[in-house]
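Asker: Going down the list, the protein sequences come from chains A and B.
Start counting the first sequence at 960; every next residue gets the next number (our numbering).
Start counting the second sequence at 960; every next residue gets the next number (our numbering).
Beta carbons: idealized from backbone N, C-alpha and C, even for Gly.
Keep in mind the model is a prediction, meaning the values are calculated, not measured.
There are 2 protein chains.
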Amino acid sequence: MIQGGQRGIRYNEGRGCAAFAETVVSSEKDTIGMGRGHLVIGQSGGATAVINASLVGAVRAAFAEDAIDSIYGARYGIEGVLRRDLVDLRQEPLGLWDALLTTPSAALGSCRYRLREGDAERAVTQLRDLGARYFLYIGGNDSADTAHQMALAAREMDYDLRVICVPKTIDNDLPETDHCPGYGSAGRFLALATMDSALCTESMPSHYPVKLIEVMGRDAGWLAATAALGKEREEDAPHLIYFPERPLSAERFLRDVREAHARYGQVVAVVAETVRDEQGQSLGALGSQGTDAFGHPLLSGAAQYLVSLVRAELGLRARFDKPGDLQRMSSACVSETDRAEAEAVGRAALRAAVAGETDKMVTLARAPGPEYACETGLTELARVANTLRPMPEEFITPEGTGVTEAFRRYALPLLGAALPQHARLVGVQA
Amino acid sequence: MIQGGQRGIRYNEGRGCAAFAETVVSSEKDTIGMGRGHLVIGQSGGATAVINASLVGAVRAAFAEDAIDSIYGARYGIEGVLRRDLVDLRQEPLGLWDALLTTPSAALGSCRYRLREGDAERAVTQLRDLGARYFLYIGGNDSADTAHQMALAAREMDYDLRVICVPKTIDNDLPETDHCPGYGSAGRFLALATMDSALCTESMPSHYPVKLIEVMGRDAGWLAATAALGKEREEDAPHLIYFPERPLSAERFLRDVREAHARYGQVVAVVAETVRDEQGQSLGALGSQGTDAFGHPLLSGAAQYLVSLVRAELGLRARFDKPGDLQRMSSACVSETDRAEAEAVGRAALRAAVAGETDKMVTLARAPGPEYACETGLTELARVANTLRPMPEEFITPEGTGVTEAFRRYALPLLGAALPQHARLVGVQA
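(1) Looking at the C-beta of V1387 of chain A, does it have a partner C-beta in chain B at a distance below 8 Å?
(2) Keeping to the same chain, check which residues put their C-beta closer than 7 Å to that of V1373 of chain A; ignore five residues upstream and five downstream.
(3) With 8 Å as the C-beta to C-beta threshold (strictly closer), list the residues of the region 1373-1385 of chain B near chain A in chain order.
(4) May I ask you to verify whether the region 1368-1383 of chain A touches the region 1036-1044 of chain B, counting CB pairs closer than 8 Å and requiring at least 3?
(5) Applying the 10 Å Cβ sphere with the 16-neighbour rule, what's the burial state of N1345 of chain B?
(6) Going by other Cβ atoms of all chains shown within 10 Å of its Cβ, with 16 needed for buried, is G1077 of chain B buried or exposed?
(7) Listing by chain order, which chain B residues have their CB less than 8 Å from the CB of Y1031 of chain A?
(8) Output yes or no for whether 8 Å exceeds the beta carbon distance between E1237 of chain B and P1206 of chain B.
(9) Cα-Cα, which of A:L1245, A:H1107, A:Y1093 and A:Q1050 is closest to R995 of chain A?
(10) Note down, in chain order, every chain B residue with its Cβ under 8 Å from the Cβ of C1070 of chain A.
(11) Using C-beta distances below 6 Å, list every residue in its chain close to R1270 of chain A, excluding the 5 sequence neighbours before and after it, in chain order.
(12) Mind reading off the beta-carbon distance from A1209 of chain A to L1151 of chain A? Whole number of angstroms is fine, and I expect it under 8 Å.
(13) Consider the Cβ of L1371 of chain A: report whether some Cβ of chain B lies at a distance smaller than 8 Å.
(14) So the beta strand (DSSP E) M1320 of chain A belongs to, where does it begin and stop?
(15) For T1317 of chain B, collect the residues of the same chain with a Cβ closer than 6 Å to its Cβ; drop the 5 residues on either side in sequence, then sort them by chain order.
(16) Does the structure place the region 1123-1134 of chain A close enough to the region 1305-1322 of chain A that three or more beta carbon pairs sit under 8 Å?
(17) For chain B, check one thing: does any of its Cβ atoms lie closer than 8 Å to the Cβ of M1175 of chain A?
(18) Just to confirm the assignment: which complete alpha helix (DSSP H) runs, minimum length 4, are found wholly within the region 1045-1113 of chain B?
(19) Where in the region 1172-1234 of chain B do unbroken runs of the beta strand (DSSP E), each at least 3 residues long, occur, reported from the N-terminal end onward?
(20) L1347 of chain A and D1132 of chain A look like a contact to me (Cβ under 8 Å); what is the Cβ gap, rounded to whole Å?
(21) Check each residue of the region 1144-1160 of chain A: if its Cβ is closer than 7 Å to any Cβ of chain B, include it; give the result in chain order.
(22) Among the candidates B:Q1263, B:R1368 and B:A1021, whose CA atom is the shortest distance from the CA of G1243 of chain B?
(23) Let me know if Q1108 of chain B comes out buried or exposed under the rule of 16 or more other beta-carbons within 10 Å of its beta-carbon.
(24) Please classify A1377 of chain A as buried or exposed, where buried requires at least 16 neighbouring CB atoms within 10 angstroms.
(25) Per DSSP, A1277 of chain A forms a beta bridge with which residues?
(26) Using the Cα positions of L1275 of chain A and H1198 of chain A, report the straight-line distance between them to the nearest angstrom.
(27) Determine the chain B residues that contact Q1238 of chain A at a beta-carbon separation under 9 Å, and present them in chain order.
(28) Exposed or buried, what is A980 of chain A when buried is set at 16 or more other beta-carbons lying within 10 Å of its beta-carbon?
(29) For a contact meaning CB atoms closer than 9 Å, what does L1045 of chain A contact in chain B?
(30) Count the other CB atoms within 10 Å of the CB of P1351 of chain A; is the residue buried (16 or more) or exposed (fewer)?
(31) Could you spell out the range, first to last residue, of the alpha helix (DSSP H) harbouring L1340 of chain B?
(32) When the cut-off is 8 Å and only beta carbons count, does S1290 of chain A lie next to chain B?
(33) What does A1301 of chain B reach in chain A if we use C-beta pairs closer than 8 Å?
(34) Return no unless some Cβ of chain B is closer than 8 Å to the Cβ of Q1050 of chain A.
(35) In chain order, what residues of the same chain have a beta carbon less than 6 Å from the beta carbon of E1024 of chain B, not counting five sequence neighbours either side?
(36) Between F1279 of chain B and chain A, is the shortest Cβ-Cβ distance under 8 Å, so that the two count as touching?
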């Protein structure tokens, strides 16, 4: 168990400063049970704007630990462990680590690889043959499952391997943690994108009255919800949000858009790419049943499909923005709070491993009090692997297309500095 | 004619500082030919991240001019003039103007309205009835045509109206000016978006090896070209750019992607949304010939169509980002150079009108010398209205899918501060 040590407070610039109570491990603990050993670290799953900050946090903490001998980076996550494709991170130029802090995406390469029969044992064997005693894995649900299986395999093989996961996902759907590094930056991008793009619709409502914005988030609406964080007045965008937690029928959607158009003269709707209809069919798939002139299957997406519906059924001009990978990667929209926390969970993972922990994931726990602050903690990987956390009911408004004040209180601090205030004319009629 | 006066130099923060030689009109000139009068100003066409800066520049210059009586904003461009939907800008709180400088989109509202028979005369009549002597119109090609017709109508009607256009378009396709305000910020967004999003593809090339990014730019490739401005090495994204100036066949595209994939192990391709095939058919339309399960016509886009092609013909997983309105609106990616120039052309337009100019558009002329600097000038609206400026041949590489050093020298200063340097591991194999 990690024991509380000194309290290291760090403040970020601007509003939304974060204070971390980083549990510092007493030095006697460092040498208990295991001597020096190599560290292997990997990145897994969809990259984020701050996943490299977790790598930097862990590697810099490793530099400071006598227990850590070589520091190896696994190329493309667990795939690099399995085929022993490793790079020696002690040979990187020292200036690299500062530069990586502000570089989005996974510098080691990432993967979406689900372990097959025997893979966990093979991976542990590779680590044992290498002399690695510490394995850190930065990722989401699937990565937690991979790490958990490796921890179990190491125990079976009686090899003293310390496996710690570092949480990472823009989807924010990991259980046991207040939130996930990567989410705040993607949320900041989407809040800003919605504020900015909606002003475009507002400037010419008679020309393009309806806009859809398609967002990621897998089966949870956490990310879609962030689109509302720049909203100040009822008439501000987004007017409608469609969460994966709630099935959506074409009829319901068209009724919502018609009503919002009548009320606001324009409609900006945010739709999660995974939204399904009441039969469980994804809207994107519903829009993908045609073929093009050459007989190729036509692929659509939820927003594209809904835009087609609006044009065909309501006769309103509509278009969509699909930021795609930009929402997970935007270097210009990183939340400084998110980046600092991503670095902190990387550091905490390394220290936990050195302190003798294994089969755990680092968590973030929000400290009580009016000022936002988080401290790192640990949870069992078995409690995380393959478990998803949907948006709680109390974060979605009763009609199902908006977010509550409770969600705003939860999410706004994660976005870092205050969102800009866009100006509008008072507009005194001449 | 505007005569050269003092030289007002302003420097922006960071690299890419801009110096303006703003032609200051001598005060004797101000009162020649016309006494006090009202100003009407409007915004037109697709909004940009800095079109409000032009509004601020013009309005603040008007505050300083004795010749200007009331300052009216036309709501939704020429539509507001025609239906006398005007707001009194002298009644806005003074703090608004600073806030508008950093607010994207058109605060007055914009329009895409092509004048019909008699509209120009009706618009001038409205202005005459109001007592307006100055009309400033911030917009692109269509807006220049509107303003030109109004200037001609005023002359016919023997009404002394001074009509000046303020250039604005992310498409950068206005003739007679080195570049157009709005372009630098959209370019900065796309250069960053391509750098960031490409790192995502690079982190998992075996999972999603092909990515398309669909960009705007009407019939010119200026904007598509900016996606390459963060590229430093041959293997960096974008690997392929498809310009509206060059027809694209499915065969050519698939061959390019196959070759790039073989060479780099991944492909990031940027495609202008208006790219056409050799028969002049837009690729988006080619992908829009099916219907969905309910018989609604399916709409596609160029990137969506090309993604379908890659999957069907090459068997490679592919996806696309379509930033849509975000590329014209992003408040987080504004080029400070662009913003300062947008403000400067607004100011210059007001001063030109007061100095007696009419039927003109403000231009930006690049000063010779190693440091980037621009000065404002004027050109006849007749030379601008309905005239497009395609990318010059020397800005596109011979094979037609990349940009030249000459383009980089032209465009990089417009993006403002230096682009961030993304870090990569050296990667010494362990």
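Answerer: Quick look at the numbers:
(1) To locate residue 1387 of chain A, count along the first sequence from 1; it is residue 428. For V1387 of chain A, the answer is yes, since a Cβ of chain B falls inside 8 Å of its Cβ.
(2) Numbered from its first residue, the first sequence carries residue 1373 of chain A at position 414. In the sequence on display, residue 1373 of chain A carries Leu and not Val. If we look at L1373 of chain A and ignore the five residues flanking it on each side, its Cβ neighbours are H1138, Y1142, G1143, G1146, S1294, T1296 and D1297.
(3) P1379, Q1380, H1381, A1382, R1383, L1384 and V1385
(4) no
(5) What you label residue 1345 of chain B is simply residue 386 of the second sequence in a count that begins at 1. Result: exposed.
(6) Taking the second sequence and counting its residues from 1, one reaches residue 1077 of chain B at position 118. Exposed: under 16 other Cβ atoms inside 10 Å.
(7) By 1-based counting over the first sequence, the position of residue 1031 of chain A is 72. By Cβ distance, chain B contributes A1389.
(8) Looking up residue 1237 of chain B in the second sequence gives position 278. Looking up residue 1206 of chain B in the second sequence gives position 247. Yes, these two residues count as a Cβ contact at 8 Å.
(9) Your numbering for residue 995 of chain A matches position 36 in the first sequence. Comparing Cα positions, the closest option is A:Y1093.
(10) For the purposes of this step, residue 1070 of chain A is taken as residue 111 along the first sequence, with counting starting at 1. Near C1070 of chain A (Cβ distances below 8 Å), the residues of chain B are M1163, S1165 and H1166.
(11) As a position in the first sequence, residue 1270 of chain A is number 311, starting the count at 1. Closer than 6 Å at Cβ, skipping near neighbours: A1277.
(12) The sequence position of residue 1209 of chain A within the first sequence is 250, counting from 1. The sequence position of residue 1151 of chain A within the first sequence is 192, counting from 1. About 30 Å separates the two Cβ atoms, so there is no contact after all.
(13) In the first sequence, counting from the first residue as 1, residue 1371 of chain A sits at position 412. Cβ-Cβ to chain B under 8 Å: no for L1371 of chain A.
(14) Within the first sequence, numbered from 1, the residue matching residue 1320 of chain A stands at position 361. Unbroken beta strand (DSSP E) run through M1320 of chain A: K1319 to R1325.
(15) Indexing the second sequence from 1 puts residue 1317 of chain B at position 358. If we look at T1317 of chain B and ignore the five residues flanking it on each side, its Cβ neighbours are A1110, R1121 and V1122.
(16) yes
(17) Sequence index remark: in the first sequence, residue 1175 of chain A carries index 216 (1-based). No, no contact with chain B.
(18) 1054-1060 and 1078-1089
(19) 1199-1201 and 1226-1231
(20) To locate residue 1347 of chain A, count along the first sequence from 1; it is residue 388. To locate residue 1132 of chain A, count along the first sequence from 1; it is residue 173. 5 Å between Cβ atoms; contact.
(21) L1151, A1152, D1155, S1156, L1158 and C1159
(22) Taking the first residue of the second sequence as position 1, residue 1243 of chain B is located at position 284. Per the Cα distances, B:Q1263.
(23) Position 149 of the second sequence, counted from the first residue, corresponds to residue 1108 of chain B. Buried: at least 16 other Cβ atoms inside 10 Å.
(24) The residue given as residue 1377 of chain A occupies position 418 in the first sequence. Exposed.
(25) One-based indexing of the first sequence puts residue 1277 of chain A at position 318. A1277 of chain A pairs with A:V1169.
(26) Your numbering for residue 1275 of chain A matches position 316 in the first sequence. Your numbering for residue 1198 of chain A matches position 239 in the first sequence. Whole-angstrom Cα-Cα distance: 16 Å.
(27) Looking up residue 1238 of chain A in the first sequence gives position 279. Near Q1238 of chain A there are no residues of chain B at all, since even the closest Cβ is about 11 Å away, more than 9 Å.
(28) The residue given as residue 980 of chain A occupies position 21 in the first sequence. Model confidence at A980 of chain A stands at a pLDDT of 48, short of 50, so the residue's coordinates are unreliable; what they give is reported in the following sentence. Buried: at least 16 other Cβ atoms inside 10 Å.
(29) As a working note, residue 1045 of chain A is residue 86 in the first sequence. Correct list: Q1388 and A1389.
(30) Residue mapping note: residue 1351 of chain A aligns to position 392 of the first sequence, counting from 1. Its Cβ having fewer than 16 others within 10 Å, P1351 of chain A is exposed.
(31) Stepping through the second sequence from its first residue, residue 1340 of chain B is reached at position 381. Unbroken run through L1340 of chain B: none, as it is neither H nor E.
(32) Counting from one through the first sequence, the residue named residue 1290 of chain A turns up at place 331. For S1290 of chain A, the answer is yes, since a Cβ of chain B falls inside 8 Å of its Cβ.
(33) Walking along the second sequence from the start, residue 1301 of chain B turns up at place 342. Correct list: empty, because the minimum Cβ distance to chain A is about 15 Å.
(34) Here the question's residue 1050 of chain A lines up with position 91 in the first sequence. Judged by the 8 Å Cβ criterion, Q1050 of chain A is in contact with chain B.
(35) For this step, residue 1024 of chain B is matched to residue 65 along the second sequence. Within the same chain, E1024 of chain B has close Cβ partners V1313.
(36) Here the question's residue 1279 of chain B lines up with position 320 in the second sequence. Judged by the 8 Å Cβ criterion, F1279 of chain B is in contact with chain A.
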